[in-house]
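**Q**
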Amino acid sequence: MGLTLAEKIWQEHLVDQSNDLPDLLYIDLHLLHEMTSPQAFDGLRLAQRSVRRPDLTVATADHNVPTELTTRRTITDPVSRAQVEALRKNCSDFGVRLYDLHDEDQGIVHVIGPQLGLTQPGMTVVCGDSHTSTHGALGALAFGIGTSEVEHVLATQSLALAPFRTMSVTVSGSLPTGVTAKDLILAVIARIGTGGGQGYVIEYRGDAIRELSIEARMTVCNMSIEAGARAGLVAPDERTFEYLRSRDFAPSEEDWDEAVAHWTRLRTDEDASFDREIEIDASQLSPWVSWGTNPGQSCPLDESIPDPSLFSEPEKRNAAEEALKYMGLTPGKPLREIPVDTVFVGSCTNGRIEDLRAAAEVLRGRRVDPEVRMLVVPGSTRVRLESEAEGLDEVFRTAGAEWRSAGCSMCIGVNSDRLGPQRRSASTSNRNFEGRQGDEARTHLVAPPVAAATAVLGRLGSPGEL
Ligand SMILES: CC(C)[C@H](C(=O)O)[C@@H](O)C(=O)O
Ligand code: SF4
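Quick note: the sequence shown uses the working numbering, first residue -4, plus one each step.
The structure is reproduced here in structure tokens:
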């Protein structure tokens, strides 16, 4: 019987396979950031080990970095400063390439990997970060790993991994105008649940996936983890090759044809079977928004807050009741009537150039509601520079939004971009659990066009209403 794409990549990277032990896989690319690497380097020091393949290891500072344009290099928070400084020292001591704050190639780890052409089809990619699944958009098998595994990969360039199950999510048809990859993945998670992907690697297939740009595929793969999956990927195609061509670390012109020939073979065999198959009709989708405290608690923006008492499963009912209490919402309220005081456009889910263009298009010639604070944070310094070259920063500033430097920013409340208690945001990020953007802060996950329209309207809404 044939193999799925994920199984093929796994097979190609097997270093050792013994009975009763997890498989040992070779790792092609190891990405590091400041939050999950310090203890791993300490472990290496203690064991007097070196980094096995510094040439396959790349680091950047993203989670703890300030994003104010002018005061960026001064990190006032002591914990954040210590982590960034530790990363500098560790990279310098162990000979690892670091894209530091001042570097043009700095950015959120999952934005810079593909942008630099470091992430390529058929590779195994790991990082001490759950959203490593993002890299699957290029046809790589990409896993988030824990700090002890980071140390193991640093020391050996290999990783012991338990076998996975395979799931296909086939999205047929075309997304209607105004409906984005973010809406699609929120709908997928609402359908299979935040635990629905547990133990699986998801392959996204079908016409609607093929029609997505590589950046949009990244948005989809990014949130695989929010469905509980171990990874998500899309088979490479012409769009993938086009995206990679002439990127800094992509194969050179001489090696290009051979690389493409290899990448072209990276697809699921006709006679392969998946352990679970999900089908979605893209034409039925519409702008989507989360109302609760996990990404699965979401529904079309046209609907109202659901009534938990109508949920048949007691577990889901309780979770919804708890979520609504935290979110300060009542059943039956139309989502479009929910006022929002903060809008965040950014993160590894939606902080790439296409996302910023989509938000700017909505804001052009319009004003952000005076009661709303809107932050626009590019996912990488190159995205910032590219946006500025196109004049997007001016569009945002003129509309009344704050234009920032690259970093994780308000996606996660570990840096200075935090949401205050009971504040409510429309956010293009991927997580909405309690306290994610700040203590007692309330998050509604949305796509960039909805975020921008919401900023103008001062309540959840879509560009069609403007
Ligand atoms: C800090 C890091 C470990 C974490 C992750 O693993 O995803 C972060 O990036 C997040 O999004 O919550
Ligand atoms: S942008 Fe958010 S989700 Fe992505 S790596 Fe940073 S904190 Fe994690």
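Idealized CB from N, CA, C, for every residue including glycine.
1. From what residue to what residue does the beta strand (DSSP E) around T18 run?
2. Tell me whether D178 counts as near ligand 1, meaning its Cβ is closer than 6 Å to at least one heavy atom of that ligand.
3. Rank E144, H147 and G112 by C-alpha distance to the C-alpha of G134 and give the top, closest one.
4. In whole angstroms, what is the alpha-carbon distance linking L461 and V445?
5. Which class does W283 belong to by DSSP, given the choice of helix, strand or coil?
6. Three-state secondary structure (DSSP) at F391?
7. Once you ignore the five residues that flank A155 on each side, which residues in its own chain have a CB closer than 6 Å to its CB?
8. Give a single yes or no on whether D202 has its beta carbon closer than 6 Å to a heavy atom of ligand 4.
9. So, at 6 Å on beta carbons, what are the nonlocal neighbours of E27 in its own chain, with the 5 sequence-adjacent residues on each side left out?
10. Regarding S342 and ligand 2, is the C-beta to nearest heavy atom distance less than 6 Å?
11. I want to know whether the stretch 146 to 165 touches the stretch 192 to 200 - three or more CB-CB distances under 8 Å.
12. Can you pull the DSSP bridge partners for E237?
13. Let me know if D57 comes out buried or exposed under the rule of 16 or more other beta-carbons within 10 Å of its beta-carbon.
14. Considering just the uninterrupted stretch of the beta strand (DSSP E) at F36, what are its terminal residues?
15. Going by the DSSP bridge assignment, what does R92 pair with across the sheet?
16. Using beta-carbon positions only, say whether V91 and T52 come within less than 7 Å of one another.
17. Taking only runs of the beta strand (DSSP E) that begin and end inside the stretch 60 to 144, which ones reach a length of at least 3 residues, in chain order?
18. Pairing CB atoms from the stretch 119 to 126 with CB atoms from the stretch 240 to 251, are three or more of them under 8 Å?
19. Given a cut-off of 7 Å on the beta-carbon distance, is the pair S424 and S342 in contact?
20. Taking just the CA atoms, how far does N427 sit from N289?
21. Find the nearest neighbour of E146 within the set S45, R377 and D276, judged by alpha-carbon distance.
22. Is it buried or exposed, P443, if we count other Cβ atoms within 10 angstroms and call 16 or more buried?
23. Do A355 and L387 have their CB atoms nearer than 7 Å?
24. Between the beta-carbon of A436 and the beta-carbon of L455, is there less than 7 Å?
25. Kindly identify the DSSP beta-bridge partner or partners of H28.
26. Under 6 Å from any heavy atom of ligand 2, does the C-beta of H25 make it?
27. L280 and P231 look like a contact to me (Cβ under 8 Å); what is the Cβ gap, rounded to whole Å?
28. Between the Cα of F89 and those of A137, P109 and P33, spot the shortest distance and give me the residue it belongs to.
29. DSSP has G227 in a bridge; who is on the other side?
30. So, for F244: in the same chain, excluding its five sequence neighbours on each side, which residues have a beta-carbon less than 6 Å away from its beta-carbon?
**A** The short version:
1. On the sequence shown, residue 18 is found 23 positions in, with the first residue counted as 1. Looking at the sequence itself, residue 18 is Asp, so the reference to Thr does not match. From DSSP, the beta strand (DSSP E) with D18 extends over D18 to Y21.
2. The count along the sequence shown starts at 1 and reaches residue 178 at position 183. D178: no, Cβ never under 6 Å from ligand 1.
3. As a first step, residue 134 is located in the sequence shown; it is residue number 139 there, counting from the start. Nearest C-alpha to G134: G112.
4. By 1-based counting over the sequence shown, the position of residue 461 is 466. By 1-based counting over the sequence shown, the position of residue 445 is 450. Their Cα atoms are separated by approximately 11 Å.
5. The count along the sequence shown starts at 1 and reaches residue 283 at position 288. Strand, per DSSP.
6. Numbered from 1 along the sequence shown, position 396 holds the residue referred to as residue 391. Helix, per DSSP.
7. Locating residue 155 in the sequence shown gives position 160, where the first residue counts as 1. If we look at A155 and ignore the five residues flanking it on each side, its Cβ neighbours are P17 and L19.
8. Here the bound small molecules are ligand 1 and ligand 2; ligand 4 is not part of this structure.
9. Taking the first residue of the sequence shown as position 1, residue 27 is located at position 32. Before going on, a small fix: residue 27 reads as Leu here, not Glu. The answer, listed in chain order, is A54.
10. For the purposes of this step, residue 342 is taken as residue 347 along the sequence shown, with counting starting at 1. Yes, Cβ of S342 sits closer than 6 Å to a heavy atom of ligand 2.
11. yes
12. Reading the sequence shown from its first residue, position 242 is the one you call residue 237. Its beta-bridge partners do not exist; DSSP assigns none.
13. Taking the sequence shown and counting its residues from 1, the one referred to as residue 57 is at position 62. Burial call: buried.
14. Residue mapping note: residue 36 aligns to position 41 of the sequence shown, counting from 1. Run containing F36: none in the beta strand (DSSP E); it sits in the alpha helix (DSSP H), P33 to L41.
15. Locating residue 92 in the sequence shown gives position 97, counting from the first residue. DSSP, once it has assigned bridges, lists V53 as partnering R92.
16. Counting from 1 along the sequence shown, the entry for residue 91 is found at position 96. Counting from 1 along the sequence shown, the entry for residue 52 is found at position 57. Yes.
17. 92 to 94, 119 to 122 and 136 to 139
18. no
19. For the purposes of this step, residue 424 is identified with residue 429 of the sequence shown, where counting begins at 1. For the purposes of this step, residue 342 is identified with residue 347 of the sequence shown, where counting begins at 1. Yes, Cβ-Cβ distance for S424 and S342 is below 7 Å.
20. Counted from its first residue, the sequence shown places residue 289 at position 294. Counted from its first residue, the sequence shown places residue 427 at position 432. The alpha-carbon atoms of N289 and N427 are separated by roughly 6 Å.
21. For this step, residue 146 is matched to residue 151 along the sequence shown. E146 has its Cα closest to that of S45, out of S45, R377 and D276.
22. Residue 443 sits at position 448 when you count from the first residue of the sequence shown. Buried is the call here.
23. Here residue 355 is taken as the residue at index 360 of the sequence shown, counted from 1. Here residue 387 is taken as the residue at index 392 of the sequence shown, counted from 1. Result yes, Cβ atoms of A355 and L387 sit closer than 7 Å.
24. Within the sequence shown, the letter at position 441 stands for residue 436. Within the sequence shown, the letter at position 460 stands for residue 455. It is not a contact, given that the beta carbons lie outside the stated cut-off.
25. Your numbering for residue 28 matches position 33 in the sequence shown. Answer by DSSP bridge pairing, in chain order: T55.
26. Start at 1 with the first residue of the sequence shown, and residue 25 comes out as number 30. No, the beta carbon of H25 sits no closer than 6 Å to any heavy atom of ligand 2.
27. Walking along the sequence shown from the start, residue 280 turns up at place 285. Walking along the sequence shown from the start, residue 231 turns up at place 236. With a Cβ gap of about 24 Å, L280 and P231 do not count as contacting.
28. Your numbering for residue 89 matches position 94 in the sequence shown. The option with the nearest alpha carbon to F89 is P33.
29. Locating residue 227 in the sequence shown gives position 232, where the first residue counts as 1. In DSSP, G227 forms a bridge with I197.
30. For the purposes of this step, residue 244 is taken as residue 249 along the sequence shown, with counting starting at 1. For F244, where only same-chain residues beyond five positions count, the Cβ hits under 6 Å are L111, G112 and L113.
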